[in-house]
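The structure under discussion appears below in the form of structure tokens.
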Amino acid sequence: KLCEGILNILEKDTKTSCQVACLETLRILSRDKKVLVPVTTKRNMQILMRLAKLDTVEDPLARVSEFPVIVEALKCLCNIIFNSAVAQKLSLELNLAAMLCNLLEKCKDQQFVDDIKCFDLRLLFLLSLLHTDIRSQLRQELQGVQVLTQALESSLSVTWTEEYKAAEDHDRPPLSLQETDCAIEALKALFNVTLDSWNVHSETESHQFRYMAAILRHCLLTTGPTEDKTEELH
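Counted from 1, the sequence shown has number 31 at position 31 by full-length UniProt numbering; the numbering is strictly sequential.
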């Protein structure tokens, strides 16, 4: 009942601070699988997707003041999808992966979006891990390899000297914690999406995988903010 009450409030237009507080509470409650059973419905998923700016035709990142709401809604969706098989099936029906790829594309060249990008990538990782049909959709329909590789390239701030050779800067400072977390989530999602890619059939795919290999080499030469984070990145 508490979760339903929170979602009823979130369905209305309320202040940003109220939305964030409700979403934080829902995120904590959504760690309990028993709590999720009555609230994992198409309507409730759509409420969270709307708050995460996944279903909008407008620019989802137009207002910085709404960024905390987007982040918390994405966190809630991560918990719900991880803990609920029903939510995983609804994600395919609601075309969630395509909306996440679209939001990820919008994050390019934007400021203050690292948290949004990170939880978008984490949600793509979870979907590609838990639902084989979504994994196939990402690979075949949504250019998931390209989208995720570009997200990884952006997180690592790769610059190029040749087509498949990234510039090496030995004096470059370590990645920030946010950059490292984004890169890790992108790597995890890429692993899932490319898991069955034993046969590369086209010139486009060949280019994509050579491009990815160059970025992965650059990743191995990159350090994170701490020794533990560097180890996790590698």
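For each residue, glycine too, the CB sits at the ideal point set by N, CA and C. It should be emphasised that the depicted structure is a prediction, and the values quoted were computed from it without experimental measurement.
With respect to the 8 Å criterion, A186 and L121 are classified as neighbours on the basis of their beta carbons.
Where T25 is concerned, there is no enclosing beta strand (DSSP E), although the alpha helix (DSSP H) around it starts and stops at 16-29. Within the DSSP secondary-structure output, K165 pairs in a beta bridge with E162.
Judged by DSSP secondary structure, T230 falls within the alpha helix (DSSP H) whose first and last residues are 227-233.
Inclusion of A189 and L156 in the CB contact set at 8 Å is not warranted, their separation being larger than that value. Residue ranges of uninterrupted alpha helix (DSSP H) with 4 or more members, entirely inside the stretch 43-115 and ordered along the chain, are 67-83, 85-93, 96-106.
Inter-residue distance for T40 and R172 is about 46 Å (C-alpha atoms, whole angstroms). For N95 and M49, the gap between their C-alpha atoms comes out near 11 Å. In the DSSP assignment, V147 falls within the alpha helix (DSSP H) that extends over 144-156. Within the model, the alpha-carbon separation for L100 versus Q208 is close to 21 Å. Counting only residues of its own chain and dropping the five nearest sequence neighbours on each side, R217 has a CB closer than 8 Å to the CB of A166. Annotation for R135: the continuous alpha helix (DSSP H) segment containing it runs 132-140. With a contact defined as Cβ atoms closer than 8 Å, R135 and N192 qualify at about 6 Å. When only Cα atoms are considered, T222 and E4 end up about 45 Å apart. By the neighbour-count criterion, in which a residue is buried when 16 or more other Cβ atoms sit within 10 angstroms of its Cβ, N79 is buried. For V113, the CB contacts under 8 Å within the same chain, skipping 5 residues up- and downstream, are L61, F67, C107 in chain order.
The beta carbon of Q110 sits closer than 6 Å to the beta carbons of L61 from its chain, once the five residues preceding and following it are set aside; these are given in chain order. Under the DSSP assignment, T204 falls in the alpha helix (DSSP H) whose first and last residues are 203-220. At least 8 Å separates the beta-carbon of L126 from that of A97. H131 counts as buried, since at least 16 other C-beta atoms from the protein chains shown sit within 10 angstroms of its C-beta.
Here Q88 is buried: its Cβ has 16 or more other Cβ atoms, across all protein chains shown, within 10 Å. By the Cβ-count criterion, T149 is buried, with 16 or more other Cβ atoms from all chains shown falling within 10 Å of its own Cβ.
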